[in-house]
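To start, the structure under review is shown below, and the notes come after it.
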Amino acid sequence: MVEVQQLTKRFGSRLAVDQLSFNVGPGEVLGFLGPNGAGKSTTMKMVTGFLQPTSGTARVNGFDILEQPLDAKKAMGYLPEGAPAYGDMTVQQFLNFIADIRGLSGDFKRARMQRVVEDVHLTQVLAQRIDTLSKGFRRRVGLAQAIIHDPKVLILDEPTDGLDPNQKHEVRHLIRNMSKDKIIVISTHILEEVEAVCTRAMIIAHGKLLADGTPDDLAAKSRYHGAVTLKLAARDEAARVLKELPDVLEVKNEDASNELTVFPRPGAAVLQSVSAMVEQKRWTVQALYQQKGRLDDVFRQITGGAAA
Amino acid sequence: MKNHPISILLKRELNSYFATPLAYVFIVIFLALTGVFTFYLGNFFERNQADLAPFFGFHPWLYLFLIPAIAMGIWAEERKTGTIELLLTLPITLWQTVIAKFLAAWAFIAIALACTFPMWITVNYLGDADNGAIFTAYIGSLLMAGGYLAAGMCISALTRSQVIAFIVSLVVCFVFVMAGFPMVVDVVRGWLPNGIVDALAGMSFLTHFQALSKGVLDLRDVVYFVAMIAAWLYASILIIDLKKAE
Ligand SMILES: Nc1ncnc2c1ncn2[C@@H]1O[C@H](COP(=O)(O)OP(=O)(O)OP(=O)(O)O)[C@@H](O)[C@H]1O
Ligand SMILES: [Mg+2]
Chain A
1 MVEVQQLTKR
11 FGSRLAVDQL
21 SFNVGPGEVL
31 GFLGPNGAGK
41 STTMKMVTGF
51 LQPTSGTARV
61 NGFDILEQPL
71 DAKKAMGYLP
81 EGAPAYGDMT
91 VQQFLNFIAD
101 IRGLSGDFKR
111 ARMQRVVEDV
121 HLTQVLAQRI
131 DTLSKGFRRR
141 VGLAQAIIHD
151 PKVLILDEPT
161 DGLDPNQKHE
171 VRHLIRNMSK
181 DKIIVISTHI
191 LEEVEAVCTR
201 AMIIAHGKLL
211 ADGTPDDLAA
221 KSRYHGAVTL
231 KLAARDEAAR
241 VLKELPDVLE
251 VKNEDASNEL
261 TVFPRPGAAV
271 LQSVSAMVEQ
281 KRWTVQALYQ
291 QKGRLDDVFR
301 QITGGAAA
Chain B
309 MKNHPISILL
319 KRELNSYFAT
329 PLAYVFIVIF
339 LALTGVFTFY
349 LGNFFERNQA
359 DLAPFFGFHP
369 WLYLFLIPAI
379 AMGIWAEERK
389 TGTIELLLTL
399 PITLWQTVIA
409 KFLAAWAFIA
419 IALACTFPMW
429 ITVNYLGDAD
439 NGAIFTAYIG
449 SLLMAGGYLA
459 AGMCISALTR
469 SQVIAFIVSL
479 VVCFVFVMAG
489 FPMVVDVVRG
499 WLPNGIVDAL
509 AGMSFLTHFQ
519 ALSKGVLDLR
529 DVVYFVAMIA
539 AWLYASILII
549 DLKKAE
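Pasting the structure below:
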């Protein structure tokens with residue numbers, strides 16, 4: 001369990017994190033969203049015991065990060081923003097050092113090293129110095145050091161930043177697989193990642209919690225939730241006709257994709273009436289589907305269009 | 309002990325000195341300078357004495373430049389690359405980290421110092437040397453190096469710029485040396501009460517190294533250097549705790 005209580009951080013006159021409170025339980029993968037400078041990294045730095053909170057505290061696995069920092073740190077794995085690592089060491093030496101400091105030894109250490117190197121695909125660079133690695137490989141080394149002791153709590157600050165599409169996929173897969181008995185908190189700017197791995201998402205801006213729910217819950221707040229999109233040749237005619245349907249609020253002509261989006265009135269559904277109309281008019285449509293809602297739309301709506 | 313966090317971190321730090329050619333360059337410079345100082349400036353042969361007084365006499369001045377060069381990167385580099393965040397979120401306490409880093413750098417200096425053993429062989433070859441006194445002087449020199457190092461490390465914790473760390477450390481160490489330099493002490497005596505002058509001179513590296521370098525082991529001098537190291541290291545802990553985010 002990670003319990004964050006009234007966590008606040010002030011840098012001079014700037015309030016970076018403002019009375020943030022939330023709990024995360026085992027099995028949850030929490031996605032931390034927010035515009036640049038929202039306070040995501042600062043929150044993670046406090047929860048992992050790097051920064052002293054101005055007020056408030058966090059408990060990790062029952063250990064208060066201020067009162068029992070060592071026990072709390074033992075239970076955590078942390079990938080800091082930018083994946084820092086000692087450039088003068090080889091990947092093997094670095095992971096070995098982290099494993100030693102984490103108190104791993106003997107067969108368990110050997111097994112964990114092997115497992116992690118395989119999971120994060122580091123075999124080919126084991127003997128290479130870290131400062132000669134590409135950005136993506138460096139990120140993977142950072143991820144490997146965070147999970148080497150199989151921690152109960154994982155805090156990952158932008159874990160897929162700089163990874164190629166294959167690796168992004170692999171890392172998401174890895175996170176999902178690890179998530180069963182763990183608490184995982186990730187921060188990200190990639191909204192599809194939230195949909196792909198997170199069981200829960202939190203949007204913060206200016207250090208304050210603005211939304212908290214499953215990705216589907218959040219998406220449902222989107223204007224696109226329940227909207228029906230169709231792709232057809234007779235767009236202009238369809239737009240005119242569909243606008244007159246009883247539950248339709250608005251019909252939007254998406255010029256870029258040659259699609260029409262039909263927005264329902266609040267609380268209403270339009271899928272049936274739209275498809276009935278399509279049949280009645282005998283339009284040939286190439287696509288017709290109902291939207292779940294778009295996270296990026298909600299993100300922009302909630303954070304007031306601040307740069308994302 | 310092998311699995312103690314301090315020894316694991318110490319090993320990593322010490323290895324990282326030797327991971328680049330810089331360590332070897334440093335040792336070579338150290339040996340070259342001690343050679344030049346001792347044989348040319350110190351009139352080693354002309355003195356016709358089988359001791360290492362000229363050798364040890366130059367150590368305070370040599371350390372003034374060489375030790376800030378070692379110390380400047382110890383924290384500044386961690387801050388610059390962001391590894392400080394990794395290090396301080398590992399299950400190891402801040403004081404363990406500070407001690408491990410200090411011991412690693414000190415061990416490196418001890419290695420450099422040990423490399424001057426041909427000097428010791430030379431005096432034994434030339435005459436009847438007092439090896440006990442030489443050993444004491446080596447210990448004294450290492451203790452003094454620890455004082456410079458602890459001060460330099462503390463200053464390195466204040467900034468992410470290695471150049472600034474180097475210059476400030478050099479100035480601070482210079483003050484600590486000069487406070488005991490006879491010429492300076494005499495000048496100051498002219499316009500400050502004797503008690504204060506003696507207290508200031510008593511804070512100097514030079515004053516406390518004098519007896520040790522001649523082979524006289526006075527417990528007060530040892531205590532002075534140990535206290536000096538402890539105070540600077542304690543200050544480092546406070547500074548890092550306060551300024552680690554910047
Ligand atoms: N050491 C510091 N000193 C002063 N201000 C800081 C410091 N660290 C962070 N801040 C400020 O705190 C705020 C939150 O920063 P933080 O790094 O937590 O944002 P973030 O949500 O992680 O952003 P990003 O998406 O860009 O990573 C920002 O306004 C930042 O400028
Ligand atoms: Mg961030």
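Heads up: the protein sequence lines correspond to chains A and B, in order.
Under the working numbering, residues 1 to 308 are what the first sequence spells out, in order.
Under the working numbering, residues 309 to 554 are what the second sequence spells out, in order.
All C-beta atoms in this analysis are idealised placements derived from N, C-alpha and C, irrespective of residue type, glycine included.
The Cβ atoms of B:G460 and B:A408 do not sit closer than 8 Å to each other. For B:F334, the three-state secondary structure derived from DSSP is helix.
DSSP places A:T303 in the coil class of the three-state scheme, outside both helix and strand. In summary, the residues of the segment 384-418 of chain B whose CB is separated from some CB of chain A by less than 7 Å are T389, G390, T391, E393, L394, L396, T397, L398, P399, I400, T401, in the order they occur in the chain. For A:T284, there are no neighbours in chain B by C-beta distance under 7 Å, as the nearest C-beta there is about 57 Å away.
When distances are taken from the beta-carbon of A:S41 to the heavy atoms of ligand 2, the shortest one is below 7 Å.
In terms of Cβ geometry, A:L242 and A:Q286 do not form a close pair [threshold 8 Å]. If you draw a 10 Å sphere on the C-beta of A:F63, you find 16 or more other C-beta atoms in it, and that means buried. About 7 Å separates the beta carbons of A:T43 and A:L7, which is inside the 8 Å limit, making them a contact pair. A distance of 8 Å or more separates the beta carbons of A:F50 and B:T467. Under a criterion of Cβ atoms nearer than 9 Å, the residues of chain B adjacent to A:R102 are, in order, L398, P399. Judged by their CB atoms, A:I183 and A:E3 are not nearer to each other than the 8 Å cut-off. Taking non-hydrogen atoms of ligand 2 into account, the C-beta of A:E81 is found less than 7 Å away from one of them. For A:M277, the enclosing alpha helix (DSSP H) starts and ends at 271-281. Against chain B, a Cβ distance below 9 Å from A:G49 picks out L396, T397.
Within the segment 119-172 of chain A, the complete alpha helix (DSSP H) segments of 4 residues or longer fall at 135-147, listed in chain order. At a cut-off of 8 Å, the C-beta of A:F32 has no neighbouring C-beta in chain B. Where A:S21 is concerned, the enclosing beta strand (DSSP E) starts and stops at 14-24. Neighbours of A:K74 in chain B, taken as residues at a C-beta separation under 9 Å, are given in chain order as P399. Not flagged as an interface residue toward chain A: B:A379, since no C-beta distance is shorter than 8 Å.
Judged by their CB atoms, A:D157 and A:L79 are nearer to each other than the 8 Å cut-off.
According to the DSSP assignment, B:M427 belongs to the alpha helix (DSSP H) that extends over 425-434. In this structure, A:D157 has its beta carbon less than 7 Å from a heavy atom of ligand 2. For B:T328, the residues of chain A that pass the 8 Å Cβ criterion are D88, in the order they occur in the chain. Beta bridge pairing from DSSP links A:G77 with A:L154.
For B:T444, the enclosing alpha helix (DSSP H) stretches over residues 439-464. Chain A places no beta carbon closer than 8 Å to that of B:R468, leaving this residue out of the contacts.
At the C-beta level, A:I204 and A:G39 come within 8 Å of one another. Judged by DSSP in its simplified three-state form, A:Q5 adopts strand. With fewer than 16 other beta carbons inside 10 angstroms of its own, A:T132 counts as exposed. By the beta-carbon neighbour count (other beta carbons within 10 angstroms, threshold 16), A:V125 is buried. In the displayed model, B:K319 falls within a helix according to three-state DSSP. The alpha-carbon of B:F338 is positioned some 28 Å away from that of B:T389.
Closest in alpha carbon position to A:R129, among A:V120, A:V141, A:E118, is A:V141. Rounded to the nearest whole angstrom, the CA to CA distance from A:N177 to A:C198 is 12 Å.
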